[in-house]
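If you count the sequence shown from 1, position 52 lands on 52 in our numbering, and the numbers rise without skipping.
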Amino acid sequence: MLQEFRDSNITKLRQLQEYFHAKKILITGGFGFVGGHVAQRLLQCGAEVTVLDIDTSTDRLSMINCPRLGLREQLNVVEADVTDKKSMCEIIDQYRFHYIFHFAAYASVIEKALHAPYDTIMANTMGWINVLEACRLSAHKPNMIFLSSTDKVYGEMDGDSYFEHLTPLRGIGVYDSAKLAADVFSRTYHEAFQLPTVTLRMCNIFGPYDFNSEYRLLPKAMQSIFGNPEPMAPELYFDAIEHQRDYLYVDELVNAIILLAHSNVCRGEVYNLAGGTYMSTPAMLRTIVELAAGVEEAMDQQRAQAILDNGIAVKVKANASTIHAITKQHLNGEKLVKDTAFQPAHEFLDSLTKTIRFYREHYQLAKEGENHVHLLAG
Numbered sequence: 001m002l003q004e005f006r007d008s009n010i011t012k013l014r015q016l017q018e019y020f021h022a023k024k025i026l027i028t029g030g031f032g033f034v035g036g037h038v039a040q041r042l043l044q045c046g047a048e049v050t051v052l053d054i055d056t057s058t059d060r061l062s063m064i065n066c067p068r069l070g071l072r073e074q075l076n077v078v079e080a081d082v083t084d085k086k087s088m089c090e091i092i093d094q095y096r097f098h099y100i101f102h103f104a105a106y107a108s109v110i111e112k113a114l115h116a117p118y119d120t121i122m123a124n125t126m127g128w129i130n131v132l133e134a135c136r137l138s139a140h141k142p143n144m145i146f147l148s149s150t151d152k153v154y155g156e157m158d159g160d161s162y163f164e165h166l167t168p169l170r171g172i173g174v175y176d177s178a179k180l181a182a183d184v185f186s187r188t189y190h191e192a193f194q195l196p197t198v199t200l201r202m203c204n205i206f207g208p209y210d211f212n213s214e215y216r217l218l219p220k221a222m223q224s225i226f227g228n229p230e231p232m233a234p235e236l237y238f239d240a241i242e243h244q245r246d247y248l249y250v251d252e253l254v255n256a257i258i259l260l261a262h263s264n265v266c267r268g269e270v271y272n273l274a275g276g277t278y279m280s281t282p283a284m285l286r287t288i289v290e291l292a293a294g295v296e297e298a299m300d301q302q303r304a305q306a307i308l309d310n311g312i313a314v315k316v317k318a319n320a321s322t323i324h325a326i327t328k329q330h331l332n333g334e335k336l337v338k339d340t341a342f343q344p345a346h347e348f349l350d351s352l353t354k355t356i357r358f359y360r361e362h363y364q365l366a367k368e369g370e371n372h373v374h375l376l377a378g
């Protein structure tokens with residue numbers, strides 16, 4: 001039955017290629033992890049894609065800059081800051097986009113947001129307001145304006161999972177609150193000004209081309225395992241031992257976004273994107289270590305054994321904030337399935353293994369002195 005759902009979902013996604021053909025698309029934060037994957041998919045659909053980012057330099061480590069993928073040459077690249085209302089109004093009014101996908105953010109992790117609260121609020125809240133205002137003031141209204149939100153807007157979980165219209169929004173961290181405000185204004189601009197907003201509250205997304213190795217769990221673990229002369233143990237902060245999270249492969253996210261963009265019934269709505277698996281942070285890191293060793297074994301058995309022997313390293317976080325990370329985050333995604341027929345199309349372990357292979361190649365090329373954006377997706 002699950003395979004039938006997946007086959008049906010894949011067929012529907014292929015049919016959507018014609019729908020997005022020649023459509024004008026804006027992706028803010030297009031040089032980021034998720035933005036790059038969405039840009040690639042829409043290019044494959046034949047859309048006219050504009051990616052906007054505050055840093056569009058050719059030497060930025062980004063999927064967009066990968067020569068083997070050849071995305072940059074197919075895109076219209078615009079360098080701009082979403083916190084600049086005048087620029088956003090001019091760009092959105094000039095290009096007359098059919099669809100806008102908003103991923104631009106100053107910080108996508110709570111630790112970075114705590115170091116720069118004002119910048120986080122300006123980018124993560126006001127950046128979205130500027131997009132909405134630009135659309136409100138423009139004579140040409142897009143068919144859809146998509147907001148990338150987060151499960152963190154819910155705050156600490158009381159029951160078994162978060163529900164869109166039952167669970168109160170109680171995010172209190174800087175990152176959480178900034179995204180929560182944007183989330184709320186998405187509905188406000190739909191109700192007050194009839195803008196066709198769609199908000200997707202996402203879980204932890206993983207996949208190739210996520211280069212945030214300073215903060216994000218998987219890229220950081222990959223740097224420890226593959227980015228050093230000898231493998232090092234991925235770090236697990238002591239206060240994260242009891243954390244439980246949803247995890248989802250990036251291709252699943254892109255599928256969900258495409259389905260939401262196509263469906264008119266989704267306008268003005270908020271959706272949860274449930275994970276492909278729900279597990280503790282220690283269990284996720286142990287799984288990463290085991291799969292990384294399996295990937296390495298075909299290349300270097302001694303190094304593979306070292307990866308296993310290292311395991312994971314528990315570390316006490318220095319200068320811990322008074323605002324603690326949410327212990328359990330688990331999204332209920334039934335509403336998304338009901339309105340779009342979305343179903344996951346990839347096995348979790350297969351997707352994670354594919355992602356790990358990508359990072360091994362990435363670091364191997366770097367060790368060999370090659371330009372480390374010259375990568376294949378795997």
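Heads up, the beta-carbon is just placed ideally off N, CA and C, and yes, glycines get one too.
Can you tell me whether Tyr-359 is buried or exposed? The criterion is at least 16 other CB atoms within 10 Å of its CB, across all chains shown. buried
I want to know whether the region 118-137 touches the region 179-187 - three or more CB-CB distances under 8 angstroms. yes
Given Thr-150, which residues of its chain have a CB within under 7 angstroms of its CB, disregarding the five upstream and five downstream residues? Lys-179, Arg-201 and Met-202
Check whether the region 226-236 and the region 281-288 touch, using three or more Cβ-Cβ pairs below 8 angstroms as the test. yes
For Thr-150, the first and last residue of its enclosing alpha helix (DSSP H): Thr-150 -> not in any alpha helix (DSSP H); beta strand (DSSP E) instead, spanning 144-150.
Is the distance from the Cβ of Val-153 to the Cβ of Thr-199 below 7 angstroms? no
At what residues does the beta strand (DSSP E) containing Lys-315 begin and finish? Counting along the chain, Lys-315 sits inside the beta strand (DSSP E) bounded by residues 313-315.
Boundaries (first-last residue) of the beta strand (DSSP E) holding Val-51: Here the beta strand (DSSP E) through Val-51 covers 48-53.
For the candidate residues Arg-216, Val-184, Gln-74 and Gly-32, whose alpha-carbon lies nearest to that of Arg-60? Gly-32
Under 7 angstroms, do Val-38 and Phe-101 count as touching if we go by C-beta distance? Yes.
So is Val-314 buried or exposed if we call it buried at 16+ other beta carbons inside 10 Å? exposed
How big is the Cα-Cα spacing for Thr-340 and Arg-68? 33 angstroms
Going by other Cβ atoms of all chains shown within 10 Å of its Cβ, with 16 needed for buried, is Val-265 buried or exposed? Exposed, by the Cβ-count rule.
What are the boundary residues of the beta strand (DSSP E) that includes Arg-201? 197-202
From this set, Tyr-215, Ile-92, Ser-161 and Asn-76, which residue's C-alpha is nearest Val-82's C-alpha? Cα-wise, what sits closest to Val-82 is Ile-92.
Answer with buried or exposed for Ile-241, where buried requires no fewer than 16 other C-beta atoms within 10 angstroms of its C-beta. Exposed, by the Cβ-count rule.
Going by DSSP, what residue range makes up the alpha helix (DSSP H) through Leu-218? 217-226
On the three-state DSSP scale, how would you describe Cys-89? Correct three-state label for Cys-89: helix.
Contacts around Glu-207, its chain only, beta-carbon distance under 6 angstroms, and the 5 residues preceding and following it disregarded: The sequence shown places Gly at residue 207, rather than the Glu named in the question. If we look at Gly-207 and ignore the five residues flanking it on each side, its Cβ neighbours are Tyr-249, Val-250 and Thr-355.
Could you tell me which residues DSSP pairs with Leu-248 in its beta bridges? Per DSSP, the beta bridge partners of Leu-248 are Ile-205.
According to DSSP, simplified to helix, strand and coil, what is Lys-23? coil
Counting pairs of Cβ atoms below 8 angstroms between the region 126-144 and the region 182-195, do you hit three or more? Verdict: yes, contact present.
Looking at the secondary structure, which residues open and close the beta strand (DSSP E) in which Glu-361 lies? Counting along the chain, Glu-361 falls outside any beta strand (DSSP E), though it belongs to the alpha helix (DSSP H) covering 348-367.
What is the rounded straight-line gap between the Cα of Ala-293 and the Cα of Met-222? 11 angstroms
In this structure, how does DSSP classify Thr-277 when only helix, strand and coil are distinguished? strand
Check for me: the alpha helix (DSSP H) holding Val-34 runs from which residue to which? 33-44
Could you round the C-beta distance between Ile-25 and Tyr-99 to whole angstroms and report it? I think they count as a contact, below 8 angstroms. 5 angstroms
Under a three-way DSSP split, which group does His-262 fall into? helix
Looking only at its chain, what residues have a beta carbon closer than 7 angstroms to the beta carbon of Leu-336, apart from the 5 residues adjacent to it on each side? Within the same chain, Leu-336 has close Cβ partners Ala-256, Tyr-271, Asn-272, Leu-273 and Phe-342.
Pop quiz: Leu-267 and Met-144 are said to be a contact at Cβ under 8 angstroms. What is the actual Cβ separation, rounded to whole angstroms? In the sequence under discussion, the amino acid at residue 267 is Arg, which differs from the Leu named in the question. Right, their Cβ atoms sit about 7 angstroms apart.
Buried/exposed call for Ala-393, threshold 16 Cβ in 10 Å: Look at the range of the chain in this structure, 1 to 378, and you will see that residue 393 is not part of it.
Check each candidate in Asn-332, Ala-306, Glu-290 and Lys-328 and name the one with the smallest Cα separation from Leu-349. Glu-290
Measure the alpha-carbon distance for Ala-366 versus Gly-35 and round it to whole angstroms. When only Cα atoms are considered, Ala-366 and Gly-35 end up about 24 angstroms apart.
Beta-carbon within less than 8 angstroms of Gly-70's beta-carbon, same chain only, minus the 5 sequence neighbours each way: which residues are those? In its chain, beyond the 5 residues on either side, no residue has a beta carbon closer than 8 angstroms to the beta carbon of Gly-70.
C-alpha gap between Asn-212 and Leu-218, whole angstroms: 9 angstroms
Option nearest Ile-312 by Cα separation, candidates Ile-288, Leu-166, Glu-361 and Leu-352: Ile-288
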